[in-house]
Amino acid sequence: MKEDFIVQGFNIPPHPKGVVLNGKTVLLEPLNVEKHSEDLFESNSLDIEGKNWAYLPYGPFDTLKSYQIWLEQEASKQDPTFFSIVRKLDDKA
Numbered sequence: 254m255k256e257d258f259i260v261q262g263f264n265i266p267p268h269p270k271g272v273v274l275n276g277k278t279v280l281l282e283p284l285n286v287e288k289h290s291e292d293l294f295e296s297n298s299l300d301i302e303g304k305n306w307a308y309l310p311y312g313p314f315d316t317l318k319s320y321q322i323w324l325e326q327e328a329s330k331q332d333p334t335f336f337s338i339v340r341k342l343d344d345k346a
């Protein structure tokens with residue numbers, strides 16, 4: 254793509270903060286630290302070698318509390334925006 258290429262009529266899309274996407278078996282919903290942190294920490298703890306965090310500038314987290322503190326900081330930002338994938342069957346993130 255050329256650097257000087259301009260898309261005519263382009264409008265910046267609205268920020269997705271607060272948007273919930275409803276799928277067949279899951280919801281994609283904005284991160285809610287109080288609601289999602291325990292489930293997410295539990296899931297991330299299954300990766301005992303820390304490979305899920307290999308190319309990220311944060312994590313892994315040793316305790317739920319340290320994870321929640323980090324999530325609180327991130328959830329308060331506009332960019333990036335974090336979402337949780339939540340199973341409809343049991344409301345588990």
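Heads up, the sequence shown is in this note's numbering, so the first residue is 254 and it goes up one at a time. Glycine included, every Cβ here is placed at the ideal spot set by N, Cα and C.
Selection Thr278, Val260 and Gly262 evaluated against Leu342 yields Thr278 as nearest (Cα-Cα). DSSP, reduced to helix, strand and coil, places Asn285 outside both helices and strands of the structure shown, so it counts as coil. Looking from the CA of Pro267, the closest CA among Leu284, Ala328, Gln261 and Asp332 belongs to Asp332. Residue burial annotation: Tyr308 is exposed, with fewer than 16 other C-beta atoms found within 10 angstroms of its C-beta. Of all alpha-carbon atoms in Gly276, Gly262 and Val286, the one lying nearest the alpha-carbon of Tyr320 is that of Val286. The beta carbons of Phe294 and Phe314 sit closer together than 9 Å.
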